[in-house]
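**Q** Residue numbers for the sequence shown follow my numbering, so the first one is 417 and each next one is one higher.
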Amino acid sequence: MHLYRDPDVPGRLDFDRDLYARIARGAEDGRRIHDHVVPIRSGYAWPVQAGSVVRLVTVEGPQVCDLNLWNLNNPRERFWAARTRQLQGAHVTTFDRLWSCLPYLRPMVTITNDTLSTEPTPNGGRCHDLLGSRCDPYLYKLLDGRDYDVTCHSNLSRAVAPYHLTELDVHDVLNVFQVTGLDPVHEIYFMEPSPARKGDFFEFFAEIDLLCAISTCPSGDLSQWGWGPEGSDPLASCHPLGVEVYELDRSLLEGWTPPEPVHIKSLY
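1. Report the rounded CA-to-CA distance for residue 545 versus residue 588, giving the unit in angstroms.
2. For a test of the three-state rule: what should DSSP assign to residue 445, helix, strand or coil?
3. Between residue 514 and residue 526, what straight-line distance do the alpha-carbon atoms span, to the nearest angstrom?
4. Quick check: what's the CA-CA separation for residue 429 versus residue 621?
5. Between the alpha carbons of residue 606 and residue 672, how many angstroms are there, rounded?
6. Counting Cβ pairs, one atom from each stretch, are 3 or more of them under 8 Å apart for the stretch 441-458 and the stretch 672-682?
7. DSSP state of residue 568, grouped into three classes?
8. Reducing DSSP to helix, strand and coil, say where residue 538 ends up.
9. Could you tell me the boundaries of the alpha helix (DSSP H) in which residue 554 lies?
10. Take residue 619 as the anchor and find which of 473, 431 and 418 has the nearest alpha-carbon.
11. Between the alpha carbons of residue 468 and residue 660, how many angstroms are there, rounded?
12. For residue 494, which of helix, strand or coil comes out of DSSP?
13. For residue 419, which residues in the same chain have their Cβ closer than 6 Å to its Cβ, ignoring the five residues on either side in sequence?
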């Protein structure tokens, strides 16, 4: 067996972790320049300047969050879940990076703080999921015939519309606060209730100017199953999420420069 990438031998993907540890500590003393509470079953999009820190907070209780990222100045550059999964792993945490699509392939953010456990559950599930994607109205129609647009895809599409983006720009997500895995028999995707508690957070550093968008998943904390004839409406397990953006003391960023896209000689 060969690992796609050996995390103990980072090679050209290595970076200054001490710098990001300082950034994480500095965020506590940073100036909060943006603060918003996203209601249940809705979406929200906001711009973030490179060099800032974003914190997603479970302000009342456990809640799954679907995250999309774009280059604010060029939305063709957006988060690439599949390549991130190959480079970082199926679940991410502190010091992992979220990578952009081709032909750019650079870290869009670096995760600087995560209050959730990185240990697997008894079923082998882990938190902050890159295995699955967002719920969407097309899947509901396919699986049980419902016309239902209270979904993360719908929420994200509505959230980015003011930025002149459409559902065609919505892409595979990072499922923040969501525990998932693959069952050992069929390798079918499974989900478990979110372990997040009030006040838990997931924090990242913006490597480039970003447009961020999240959906407060209509399935809440995934403690209730909403699919099929035996499914029930998980409204009671839904909670709002907090979005905070921090401006850092510029001295913390000494030695940091925004990453460049990968440049290759044209093959076409």
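C-beta: ideal position from N, C-alpha, C; glycine also.
**A** So, from the data block:
1. Taking the CA atoms as reference points, residue 545 sits about 11 Å from residue 588.
2. Correct three-state label for residue 445: coil.
3. Rounded to the nearest whole angstrom, the CA to CA distance from residue 514 to residue 526 is 7 Å.
4. In this model, residue 429 and residue 621 are separated by some 17 Å (Cα to Cα).
5. Rounded to the nearest angstrom, the two C-alpha atoms are 39 Å apart.
6. Fewer than three beta-carbon pairs drawn from the stretch 441-458 and the stretch 672-682 are found closer than 8 Å, and the two stretches are therefore not classed as touching.
7. Of the three classes helix, strand and coil, the one that applies to residue 568 here is helix, per DSSP.
8. It is coil, neither helix nor strand.
9. 553-560 is the span of the alpha helix (DSSP H), which, as asked, contains residue 554.
10. Here the closest residue by C-alpha is 473.
11. The straight-line gap from Cα to Cα measures roughly 10 Å.
12. The answer is strand: DSSP assigns residue 494 an E or B state.
13. The answer is none, since no qualifying residue turns up.
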